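For reference, the structure discussed in these notes is given below.
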């Protein structure tokens, strides 16, 4: 779209400069909430203020020395890890099966697997709450892991399916021709080549589960509270300045995972 | 591989995920439907109660009002960014893309908290205004509609940028060169080439953003006031405070119906595109 000659027109140049100015304002609007928590987190516990009057690590010390915060942190880490493992174990073969095979009911099954992308989280949360109350699972860590697994599965399928589409199916055909069984071929030929997509999908699954609040809000009990649920009630009732420290760590985590997946997808493309 | 063999192979790969989805996604949805009908009673009482409830009607209206306006504002903001990104050479575009991806991946709780710091009574904006005018300024910008709109547009804008950018990048550059040779004015180029050809991205973006905003829960709860109770908050209220599960489930069914209706245009658009390519 951009080439040198069309910029000679001063009118066009003026429009372009105006467009860039507007875009920069929107970039700023989008980024400010993610960034402003960082300076606030180095303030003190007595005031939530930007910019902070004095620099300290006090809020981080409070966070890591209080069980009311570290408990939910560990719980969220545990749930996110279990969710990632379960989601990868089911979604990676599913993505492969959907891309490489035709089978009766494929459309319906794909729709079922992808439906959590469209169903509002509040509706899933309510459904899981009613269902898990019925089978007496509400409040357990297992309930949270299952709920999160359903929620992250479509994201993993999308990422891994994109990876499968880039593979050369001749290699799989060759392996089968040489006598490798279906599972052996999948494990030794497909999985190693898919590693970048699987890692990227796993990182996404981890981050989505770690940040998830609506489903967790309905499913937690006092002993299984996750970090986002603790944050949610904390913002609702007291706005403790410690949230700034938590937010900063979450933003850093999002940034790291976002960069890692971008790098993984690029390496996947290079193959 | 024969068809039957391929089906058998597919079953082995797909069934674990399908079974988990049936058990943990499909069954809960059926539970909502069942509960909304009063369980074994199979009555429409909960829906009748909803239609006569002022609380529900007000919240439905609020939800539609907020969803439509937040979607349109995010469309404007997202379109500006997508246009800018589409103009960049690929390498620089990847760099600017990070400015969209970081907010995209930022937790909604971090954003809500950040907006209480920015817009609050003693927040950054009021502090700056107080300093500029030399008196105590405390504009109410959260716990009201304004706070909800700022939070929601902030959250939704990246979801517009991605589909619109994809549409803009798919436009044949030769069209722009032709327009240039014919010395069309920038406005004319925008309204005759850019805007109509980016329509698939606009439809996809707006419908997905609408779908998301209908179910918004965290932002109205944390940044809104009593007048900004959306349907999702009402579900929470009925489920956990009044323990009226039938009402909560009935709202859930209605939300689901609205979402399915709204995603139809995007799906239809995608099918048309696929048909066009084939």
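Protein chains in written order, with my numbering: chain A, 724 to 994; chain B, 30 to 307. Built from N, CA and C at the ideal position, the CB exists for glycine as well. Just so we're clear, the structure is a prediction, and the values are computed from it rather than from any experiment.
Would residue i pass as an interface residue toward chain A - the criterion being a Cβ-Cβ separation below 8 Å?
| i | result |
| --- | --- |
| residue 144/B | yes |
| residue 281/B | yes |
| residue 160/B | no |
| residue 213/B | no |
| residue 135/B | yes |
| residue 128/B | yes |
| residue 254/B | no |
| residue 175/B | no |
| residue 154/B | no |
| residue 83/B | no |
| residue 266/B | no |
| residue 183/B | yes |
| residue 57/B | yes |
Would residue i be called buried (16 or more neighbouring beta carbons within 10 Å of its own) or exposed?
| i | result |
| --- | --- |
| residue 825/A | exposed |
| residue 180/B | buried |
| residue 1040/A | In the structure as shown, chain A starts at 724 and stops at 994, and residue 1040/A therefore has no counterpart that could be examined. |
| residue 891/A | exposed |
| residue 957/A | buried |
| residue 201/B | exposed |
| residue 86/B | exposed |
| residue 140/B | buried |
| residue 888/A | exposed |
| residue 756/A | buried |
| residue 295/B | buried |
| residue 231/B | buried |
| residue 830/A | exposed |
| residue 740/A | exposed |
| residue 990/A | exposed |
| residue 858/A | exposed |
| residue 306/B | Because the pLDDT of residue 306/B is 46, which lies under 50, any placement of that residue in the model is unreliable, and the number read from its coordinates should be weighed accordingly. Exposed, because fewer than 16 other Cβ atoms sit within 10 Å of the Cβ of residue 306/B. |
| residue 211/B | exposed |
| residue 798/A | buried |
| residue 221/B | exposed |
For residue i and chain B, any beta-carbon pair shorter than 8 Å?
| i | result |
| --- | --- |
| residue 735/A | yes |
| residue 807/A | no |
| residue 882/A | no |
| residue 864/A | no |
| residue 970/A | yes |
| residue 978/A | yes |
| residue 826/A | yes |
| residue 725/A | The predicted position of residue 725/A is uncertain, since its pLDDT is 47 and thus under 50; no value can be drawn from it. |
| residue 934/A | yes |
| residue 925/A | no |
| residue 832/A | yes |
| residue 763/A | yes |
| residue 743/A | yes |
| residue 965/A | no |
| residue 773/A | yes |
| residue 783/A | no |
| residue 947/A | no |
| residue 915/A | no |
| residue 901/A | no |
| residue 746/A | yes |
| residue 738/A | yes |
| residue 920/A | no |
| residue 752/A | yes |
Secondary structure, beta strand (DSSP E): runs of 3+ residues fully inside the segment 130 to 169 of chain B: Listed in chain order, nothing qualifies, since the segment 130 to 169 of chain B has no complete beta strand (DSSP E) run of 3 or more residues.
Determine contact between the segment 45 to 57 of chain B and the segment 822 to 838 of chain A, defined as no fewer than three beta-carbon pairs at a distance below 8 Å. Touching, yes.
Touching or not, the segment 863 to 874 of chain A and the segment 806 to 819 of chain A, by the rule of three or more beta carbon pairs under 8 Å? Put simply, the segment 863 to 874 of chain A touches the segment 806 to 819 of chain A. At least three CB pairs are less than 8 Å apart.
Report the residue ranges of all alpha helix (DSSP H) runs contained in full by the segment 161 to 218 of chain B; include only those spanning at least 4 residues, in chain order. As for any alpha helix (DSSP H) of minimum length 4 sitting wholly inside the segment 161 to 218 of chain B, the runs are 174 to 198, 202 to 210 and 215 to 218, ordered along the chain.
Is it a yes or a no for the segment 967 to 975 of chain A touching the segment 841 to 848 of chain A, going by three-plus beta-carbon pairs under 8 Å? Output reads no: the segment 841 to 848 of chain A does not touch the segment 967 to 975 of chain A.
What are the residues in the segment 790 to 802 of chain A lying within 9 Å of chain C by C-beta distance? Of the protein chains in this structure, namely A and B, none is chain C.
Three-pair Cβ contact test at 8 Å for the segment 125 to 143 of chain B versus the segment 180 to 191 of chain B: The segment 125 to 143 of chain B, when compared against the segment 180 to 191 of chain B, does touch it at the 8 Å Cβ threshold.
Contact between the segment 741 to 758 of chain A and the segment 97 to 112 of chain B is defined here as three or more beta-carbon pairs at a separation below 8 Å; is this criterion met? Three or more beta-carbon pairs drawn from the segment 741 to 758 of chain A and the segment 97 to 112 of chain B are found closer than 8 Å, and the two stretches are therefore classed as touching.
Any contact of the segment 90 to 107 of chain B with the segment 244 to 257 of chain B, i.e. 3+ C-beta pairs under 8 Å? Counting Cβ pairs under 8 Å, three or more are found: they touch.
As an exercise, report each continuous alpha helix (DSSP H) stretch of at least 4 residues that is fully enclosed by the segment 745 to 800 of chain A, in chain order. As far as the segment 745 to 800 of chain A is concerned, its whole alpha helix (DSSP H) runs of at least 4 residues are 781 to 788.
At a cut of 8 Å, does the segment 32 to 42 of chain B reach the segment 930 to 947 of chain A through at least three beta carbon pairs? The segment 32 to 42 of chain B, when compared against the segment 930 to 947 of chain A, does not touch it at the 8 Å Cβ threshold.
Taking three-plus beta-carbon pairs below 8 Å as touching, is the segment 124 to 137 of chain B in contact with the segment 974 to 988 of chain A? Touching, yes.
Given 8 Å, three or more beta-carbon pairs between the segment 274 to 288 of chain B and the segment 62 to 71 of chain B: Three or more beta-carbon pairs drawn from the segment 274 to 288 of chain B and the segment 62 to 71 of chain B are found closer than 8 Å, and the two stretches are therefore classed as touching.
Starting from the N-terminal side, write out each stretch of the alpha helix (DSSP H) that is 4 residues or longer and does not extend beyond the segment 949 to 979 of chain A. Segments of the alpha helix (DSSP H) lying fully in the segment 949 to 979 of chain A: 950 to 960.
Pairing CB atoms from the segment 158 to 165 of chain B with CB atoms from the segment 234 to 243 of chain B, are three or more of them under 8 Å? Output reads no: the segment 234 to 243 of chain B does not touch the segment 158 to 165 of chain B.
For the segment 242 to 294 of chain B, which segments carrying the beta strand (DSSP E) assignment without a break, of at least 3 residues, lie completely within its bounds, in sequence order? None, since the segment 242 to 294 of chain B contains no complete beta strand (DSSP E) of that length.
Which ranges does the alpha helix (DSSP H) cover as unbroken runs of at least 4 residues, wholly within the segment 794 to 849 of chain A, from first to last along the chain? Taking only runs of at least 4 residues, the alpha helix (DSSP H) segments lying wholly in the segment 794 to 849 of chain A are 829 to 837.
Per the contact definition of three or more C-beta pairs closer than 8 Å, is the segment 874 to 889 of chain A in contact with the segment 77 to 85 of chain B? No, the segment 77 to 85 of chain B does not touch the segment 874 to 889 of chain A.
Three Cβ pairs or more, each shorter than 8 Å: is that satisfied between the segment 766 to 778 of chain A and the segment 910 to 924 of chain A? No, because fewer than three Cβ pairs between the segment 766 to 778 of chain A and the segment 910 to 924 of chain A fall closer than 8 Å, the two stretches do not touch.
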